[in-house]
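Q:
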Amino acid sequence: MVYNHKEIEAFWQEYWAKHQTFKAQNNSTKPKYYVLDMFPYPSGAGLHVGHPLGYIASDIVARYKRHKGFNVLHPQGYDSFGLPAEQYAIQTGQHPALTTAQNIARYREQLDKMGFSFDWSREVKTSDPDYYRHTQWIFIQLFNSWYNNATDKAEPIETLIALFETEGNSKVNAACDDDTPTFTAEEWRTFSSEKQQQILLKYRLTYLAETEVNWCPALGTVLANDEIVNGVSERGGHPVIRKKMTQWSMRITAYAERLLQGLDTIDWSESIKESQRNWIGKSVGASIDFSVANNDSKITVFTTRPDTLFGVTYLTLAPEHPLVLQITTEEQRAEVEAYIAATAKRSERDRMADTKTVSGAFTGAYAVHPLTGKQIPIWIGDYVLASYGTGAVMAVPAGDDRDYAFAKHFKGAKGMPEVINIFDKDISENAFTDKEGMTYQNSDILNGCTNFSEAVAKVLAALEAKGAGKAKGAGKAKVNYRLRDAVFSRQRYWGEPFPVYYENGLPQMIGEEYLPILLPEVEKYLPTEEGNPPLGNATTWAWNTANHKVVSNELIDNQTVFPLELNTMPGWAGSSWYWLEYMMEKDARGTFPTKAIVDYWQNVDLYVGGSEHATGHLLYSRFWNKFLKDRGFAPTEEPFKKLINQGMILGMSAFAYRLEGTNTFVSKNQVKGQSVQPIHVDVSLLKDTSDELDIDKFKAWRKEFANAEFILEEDGKYITGREVEKMSKSKYNVVNPDDICEQYGVDTLRLYEMFLGPLEQAKPWNTAGISGVYNFLRKLWRLYFNDNGWQVTDEAPTPEMLKALHKTIKKVNEDIENFSFNTSVSQFMICVNELSSLKCHHRDVLAPLAVLVAPFAPHIAEELWKRLGNAESITYAPYPVHEDKYLQEDSKEYPVSFNGKVRFKRAYATSMSVAEIEQAILSDPQTAEQLQGNTPKKVIVVPNRIINIVM
1 MVYNHKEIEA FWQEYWAKHQ TFKAQNNSTK PKYYVLDMFP YPSGAGLHVG
51 HPLGYIASDI VARYKRHKGF NVLHPQGYDS FGLPAEQYAI QTGQHPALTT
101 AQNIARYREQ LDKMGFSFDW SREVKTSDPD YYRHTQWIFI QLFNSWYNNA
151 TDKAEPIETL IALFETEGNS KVNAACDDDT PTFTAEEWRT FSSEKQQQIL
201 LKYRLTYLAE TEVNWCPALG TVLANDEIVN GVSERGGHPV IRKKMTQWSM
251 RITAYAERLL QGLDTIDWSE SIKESQRNWI GKSVGASIDF SVANNDSKIT
301 VFTTRPDTLF GVTYLTLAPE HPLVLQITTE EQRAEVEAYI AATAKRSERD
351 RMADTKTVSG AFTGAYAVHP LTGKQIPIWI GDYVLASYGT GAVMAVPAGD
401 DRDYAFAKHF KGAKGMPEVI NIFDKDISEN AFTDKEGMTY QNSDILNGCT
451 NFSEAVAKVL AALEAKGAGK AKGAGKAKVN YRLRDAVFSR QRYWGEPFPV
501 YYENGLPQMI GEEYLPILLP EVEKYLPTEE GNPPLGNATT WAWNTANHKV
551 VSNELIDNQT VFPLELNTMP GWAGSSWYWL EYMMEKDARG TFPTKAIVDY
601 WQNVDLYVGG SEHATGHLLY SRFWNKFLKD RGFAPTEEPF KKLINQGMIL
651 GMSAFAYRLE GTNTFVSKNQ VKGQSVQPIH VDVSLLKDTS DELDIDKFKA
701 WRKEFANAEF ILEEDGKYIT GREVEKMSKS KYNVVNPDDI CEQYGVDTLR
751 LYEMFLGPLE QAKPWNTAGI SGVYNFLRKL WRLYFNDNGW QVTDEAPTPE
801 MLKALHKTIK KVNEDIENFS FNTSVSQFMI CVNELSSLKC HHRDVLAPLA
851 VLVAPFAPHI AEELWKRLGN AESITYAPYP VHEDKYLQED SKEYPVSFNG
901 KVRFKRAYAT SMSVAEIEQA ILSDPQTAEQ LQGNTPKKVI VVPNRIINIV
951 M
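Read in UniProt numbering, the sequence shown has 183 at position 183, and its numbers run on one by one without any break.
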């Protein structure tokens with residue numbers, strides 16, 4: 001009977017859908033196991049063979065855990081808000097909801113064909129109003145919360161208001177804006193309602209503030225750092241500039257230390273943890289204030305080396321620092337403003353990465369050293385970032401390479417001291433070196449210091465108590481974080497609307513009972529002529545506080561009808577909590593996931609996805625989960641216990657070589673030093689799985705190649721060049737999984753992707769190798785069927801057959817637990833080869849073998865299980881357990897060496913002692929032949945390994 005993968009796979013996919021085989025239960029006595037994939041953004045191109053890699057791995061684990069007796073939650077959905085759909089809408093006029101629905105339908109069709117054991121009854125789409133009303137609800141909870149540093153958690157804003165009413169804010173230890181004023185309880189009670197709301201915005205976990213953002217004029221929106229590549233937008237490659245805008249922000253900085261500490265509690269790769277540690281960027285040091293000469297302003301710097309304070313020769317501010325234009329002299333203003341404009345065109349990432357370019361401008365202003373009173377010039381330079389520290393650095397050229405390079409570059413210029421390094425040889429007599437090799441300028445304060453800690457303590461004490469004039473109390477110890485609050489506004493249409501209206505310019509939350517606030521219809525998806533976001537084009541986008549409805553903008557009277565927020569939420573809003581929504585069954589999603597349900601599922605046991613989300617999604621989701629835990633809506637600190645980052649499947653690109661300036665193409669082996677231009681060729685234009693180009697198809701592919709001429713190989717073929725690259729449409733090396741599934745079957749695709757190599761590593765796709773995996777499945781099939789049909793017998797298997805089976809049970813069980821799926825596939829191949837050579841058709845071996853194979857190749861396993869006489873799906877069949885007694889070997893084959901060189905092999909019973917083996921080998925005729933009458937000096941027997949005779 002022939003293995004017909006098309007019939008088998010179609011039957012079982014329909015069966016699973018009809019019987020909801022993979023539906024998880026929220027009320028179960030089984031132990032739970034939650035397996036989750038980073039859900040996809042559905043694009044119009046559909047999936048290529050690289051996309052399913054992580055899904056296959058997680059599906060193997062999900063199926064394996066069901067066999068092991070777990071209640072498995074393995075859901076799937078779509079991250080369906082985002083910029084690509086909006087850009088397509090702008091180009092075509094089609095509503096993003098329509099194209100998104102089409103793309104989702106395409107993805108769902110492909111995913112269903114791959115046999116994934118998803119519980120589709122829990123599907124989510126972030127653009128579904130039933131889903132994003134909960135995203136809006138979480139936003140409201142964040143707005144109505146503050147971070148209490150004393151209790152180290154978020155609390156309801158009402159508790160903060162109660163403190164203000166009874167004792168003011170002088171004793172409140174909270175995460176808040178740096179410019180928050182101090183007030184008494186009496187003053188708070190006399191503040192107007194508007195003034196109170198403005199102060200509360202400085203404490204709320206989501207708040208409005210003027211922020212430096214990445215603005216992309218071509219896209220008309222703010223971009224996150226991870227949406228920018230090499231200074232341009234990831235989407236479309238458009239220029240990005242820095243500008244100030246009033247934006248919603250999330251106070252993620254309140255959670256910086258908990259985000260750091262939490263990394264020690266989760267099973268993630270060290271590289272991902274290190275990426276987050278670096279992004280959070282904890283530094284222990286001091287905050288120091290420098291007064292500005294002839295000005296009431298002060299500049300605060302953060303430094304990890306307060307002991308070098310006496311080595312400061314100038315200050316450098318970020319060009320975006322709010323004091324720059326205030327302190328710049330008229331004489332220097334034109335130069336400074338020009339420099340600011342030029343810097344705005346460079347992204348922060350470009351500035352951080354550029355360690356070679358030196359540029360800056362002198363402001364004309366001077367700061368006052370807080371301890372010596374000496375005047376220090378103030379410069380601006382783009383190597384200082386407004387988003388890091390305070391946006392200002394005290395430059396110590398003796399101790400920092402970039403400070404030194406800057407000072408050296410501008411040495412001799414107006415505003416730069418001639419002696420740029422206070423430790424230069426010409427004044428070395430004014431410096432001393434301590435026992436740890438650190439050098440300081442000589443001073444009364446640091447004289448006699450013997451170590452770094454003592455030097456720091458003395459400087460801090462001096463700053464706190466001995467500063468002169470305005471500098472008194474000019475410094476204190478401080479822990480700083482590189483992490484900055486996350487900008488949460490986007491000037492886009494296709495995103496979650498904020499549940500916010502504005503009364504007297506201040507944000508007000510819409511009542512939770514009136515959610516969701518739906519996206520309005522607009523005629524166009526571009527910003528308005530006035531520069532407002534796309535929602536500014538909506539004509540019905542105002543909030544009536546009397547009847548709690550969205551109404552026409554014409555009714556705005558700022559009495560009962562107010563304007564709604566025009567920005568939308570970023571793409572990461574919906575993906576920062578979606579694992580919680582999956583816990584709820586669809587018919588129970590009227591409220592945010594209930595405590596009983598989340599207490600059962602707790603958090604995700606295994607999360608599989610790309611490492612590119614290390615400092616985006618994976619950081620934001622941890623932040624939101626910790627907040628929800630604080631407020632009692634989530635049961636755990638961390639959302640994902642274990643994280644695996646699947647590697648990338650690379651494409652095998654093909655190249656045709658065109659002679660420069662012609663339309664003639666030279667075959668690979670005929671190039672021979674000629675000047676040619678390599679051109680990517682669609683891999684579908686190659687013949688079968690070879691490197692030979694189908695010339696007729698190539699000519700029909702693009703108009704400019706219709707009349708192309710070809711210089712061929714001696715055998716008349718055109719051979720393309722091949723190179724491993726990232727799989728993408730632009731390189732024409734995408735392989736469609738639908739084609740593989742049609743020709744070889746889904747089970748073949750699943751096994752092959754796992755067989756390519758370790759899950760976490762990048763590996764090239766080679767369609768030529770897939771036939772070997774397909775032949776393996778056919779060989780597996782032939783253990784159960786011959787040409788005449790079913791051939792499984794009830795005879796007792798031999799010890800050799802049981803040994804092959806139990807060796808595989810042990811190996812595959814260990815491999816799955818260690819996520820080593822490629823070696824599992826190898827073991828299956830070894831096992832089937834051994835059973836085939838043993839002519840094993842025995843039920844007691846083949847039944848458990850079908851269960852072993854099921855997580856990897858579920859369709860063929862289901863069919864074999866059914867043919868073995870089982871009425872139920874194989875999905876919940878108990879996983880086989882290996883027995884050591886079947887793995888015991890009666891004999892062991894030894895390589896026999898003479899003076900270290902192997903001459904022959906001998907098998908001896910494993911029960912024999914070393915002395916018995918030594919006697920046996922010395923009695924062997926072949927030993928006598930090697931010795932030629934000589935007496936051996938020594939016989940070395942290493943049990944179960946080698947025998948070595950020293951002559």
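Cβ coordinates follow ideal geometry from the N, Cα and C atoms, glycine included.
All values derive from a computational prediction rather than experimental measurement.
Leaving out five residues on either side along the sequence, give the residues of the same chain with a beta carbon under 6 Å from the beta carbon of Pro96.
A: Hits under 6 Å: Ala85, Glu86, Ala89 and Trp494.
Q: For Lys136, which residues in the same chain have their Cβ closer than 7 Å to its Cβ, ignoring the five residues on either side in sequence?
A: It should be pointed out that residue 136 corresponds to Gln in this sequence rather than to Lys. Once the five neighbours on either side are set aside, the close Cβ partners of Gln136 are Glu496, Pro499, Leu515, Pro516 and Ile517.
Q: Suppose contacts are defined by Cβ-Cβ distances below 8 Å. Is Ser359 in contact with Gly391 by that definition?
A: It is not a contact, given that the beta carbons lie outside the stated cut-off.
Q: Can you check whether the CB of Ile510 is closer than 8 Å to the CB of Tyr501?
A: Yes, these two residues count as a Cβ contact at 8 Å.
Q: Apart from the five residues just before and just after Ile649, which ones in its own chain have a Cβ nearer than 8 Å to its Cβ?
A: Cβ neighbours of Ile649 beyond the five flanking positions: Val49, Gly50, Leu53, Met727, Glu753, Leu756, Ala762, Lys763, Pro764 and Trp765.
Q: Could you give the distance in angstroms between the alpha-carbon of Glu227 and the alpha-carbon of Arg235?
A: Approximately 8 Å, taken between the alpha carbons.
Q: Would you report the Cα separation of Leu323 and Ser297, rounded to the nearest angstrom?
A: So the two alpha carbons sit approximately 8 Å from each other.
Q: Does Gln932 come out as helix, strand or coil in the three-state DSSP assignment?
A: Reduced to three states, the DSSP call for Gln932 is coil.
Q: Would you tell me roughly how many angstroms separate the C-alpha atoms of Gly166 and Phe191, rounded to the nearest one?
A: Sequence inspection shows Thr at residue 166; the Gly mentioned does not correspond to that position. Computed Cα separation, rounded: 14 Å.
Q: Out of curiosity, what's the CA-to-CA distance linking Asn625 and Gln261?
A: Their Cα atoms are separated by approximately 15 Å.
Q: How many Å lie between Val528 and Glu158 at the Cα?
A: The sequence shown places Thr at residue 528, not Val. So the two alpha carbons sit approximately 38 Å from each other.
Q: Report the option in Glu795, Phe183 and Lys65 whose CA atom is closest to the CA atom of Tyr34.
A: Among Glu795, Phe183 and Lys65, the Cα nearest to that of Tyr34 is on Lys65.
Q: Just to confirm, is the Cβ distance from Val292 to Ile252 under 8 Å?
A: In this structure, Ile252 does not lie closer than 8 Å to Val292 by Cβ.
Q: Leaving aside the five residues before and after Ala185 along the sequence, list all residues of the same chain whose C-beta is less than 8 Å from its C-beta, in chain order.
A: Cβ within range, chain order: Phe164, Glu165, Thr166, Glu167 and Gly168.
Q: In angstroms with no decimal places, state the Cα-to-Cα distance between Lys810 and Pro880.
A: Using only the alpha carbons, I get a separation of about 9 Å.
Q: Have a look at Phe70, Ser552 and Thr545 and flag the residue whose alpha-carbon is nearest the alpha-carbon of Asn537.
A: Measuring from the Cα of Asn537, the nearest candidate turns out to be Ser552.
Q: If we ignore side chains and look at the alpha-carbon of each, how far apart do Val676 and Asp688 end up?
A: Cα-Cα distance, rounded: 26 Å.
Q: Tell me the rounded alpha-carbon separation between Lys18 and Pro593.
A: Whole-angstrom Cα-Cα distance: 27 Å.
Q: Which residues does DSSP pair with Ser897 in a beta bridge?
A: In DSSP, Ser897 forms a bridge with Val902 and Asn948.
Q: Can the beta-carbon of Ala367 be found closer than 8 Å to that of Phe290?
A: In contact: Ala367 and Phe290 (Cβ atoms closer than 8 Å).
Q: Please report how far the alpha carbon of Met801 lies from the alpha carbon of Val604, in whole angstroms.
A: If you take the alpha carbons of Met801 and Val604, they lie about 39 Å apart.
Q: Using 8 Å for Cβ pairs, my map puts Asn822 next to Pro758. What's the rounded Cβ distance?
A: About 6 Å; that satisfies the 8 Å criterion.
Q: Pop quiz: Thr720 and Leu693 are said to be a contact at Cβ under 8 Å. What is the actual Cβ separation, rounded to whole angstroms?
A: That pair is a contact at about 5 Å.
Q: I need the DSSP call for residue 953, collapsed to helix, strand or coil.
A: Here the chain has residues from 1 to 951 only, and residue 953 is not among them.
Q: For Lys938, does the count of other Cβ atoms within 10 angstroms reach 16, so buried, or fall short, so exposed?
A: When all chains shown are included, Lys938 counts as exposed.
Q: Does Glu123 come out as helix, strand or coil in the three-state DSSP assignment?
A: Here Glu123 sits in coil by DSSP.
Q: Measuring CA to CA, which of Lys113, Arg843 and Lys629 is closest to Asp746?
A: The sequence given here places Val at residue 746; Asp does not occur at that position. When only C-alpha atoms are compared, the closest one is Lys113.
Q: By DSSP, does Met801 sit in helix, in strand, or in coil?
A: It is helical.
Q: When burial is assigned at 16 or more other CB atoms within 10 Å of the CB, is Gln76 buried or exposed?
A: The residue in question, Gln76, is buried, as its Cβ has 16 or more Cβ neighbours within 10 Å.
Q: Does DSSP put Cys831 in a helix, a strand or coil?
A: Here Cys831 sits in helix by DSSP.
Q: Beta-carbon within less than 6 Å of Arg790's beta-carbon, same chain only, minus the 5 sequence neighbours each way: which residues are those?
A: Residue identity check: residue 790 is Trp in the sequence provided, not Arg. Within the same chain, Trp790 has no close Cβ partners at all.
Q: Is the separation between the beta-carbon of Pro533 and that of Leu566 shorter than 8 Å?
A: In contact: Pro533 and Leu566 (Cβ atoms closer than 8 Å).
Q: Looking only at its own chain, which residues have a Cβ that is under 7 Å from the Cβ of Ala10, when we skip the five neighbours before and after it?
A: For Ala10, where only same-chain residues beyond five positions count, there are no Cβ hits under 7 Å.
Q: Straight-line CA distance for Tyr784 to Met912?
A: When rounded, the distance between both Cα atoms is 39 Å.
Q: By Cβ distance below 7 Å, which residues in the same chain neighbour Pro678 in space, the five residues on each side in sequence not counted?
A: For Pro678, where only same-chain residues beyond five positions count, the Cβ hits under 7 Å are Phe655, Tyr657 and Gly721.
Q: Could you give the DSSP three-state label for Ala538: helix, strand or coil?
A: Coil, per DSSP.
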